[in-house]
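In our numbering, the protein residues as written are 2 to 50.
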Amino acid sequence: MGRLLKWLFYLAILAVFGLIAYAYVGPFLGADFSAPATPVSQEVILHVE
Numbered sequence: 002m003g004r005l006l007k008w009l010f011y012l013a014i015l016a017v018f019g020l021i022a023y024a025y026v027g028p029f030l031g032a033d034f035s036a037p038a039t040p041v042s043q044e045v046i047l048h049v050e
């Protein structure tokens, strides 16, 4: 049981490093992580007395 948990821990650490590497290298490989830019507007009605 201990060896299984140790391997799962190593796999989780490797996955974290892989995700960090993909975040840095991804834009060079064509991945676009930016949010789509769309204008948002909403009318505001103020009730002034």
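Ideal placement from N, C-alpha and C gives every residue a C-beta, glycine not left out.
A quick note: this is a predicted structure, and the numbers were derived from the prediction, not measured.
- In the DSSP assignment, residue 17 falls within the unbroken alpha helix (DSSP H) covering 3–26.
- The three-state reading of DSSP puts residue 30 in helix, counting H, G and I together.
- One Cα belongs to residue 12, the other to residue 38, and the distance between them is close to 36 Å.
- Annotation for residue 34: 24, 27 and 28 place their beta carbon closer than 8 Å to its own, counting only its chain and skipping 5 residues before and after.
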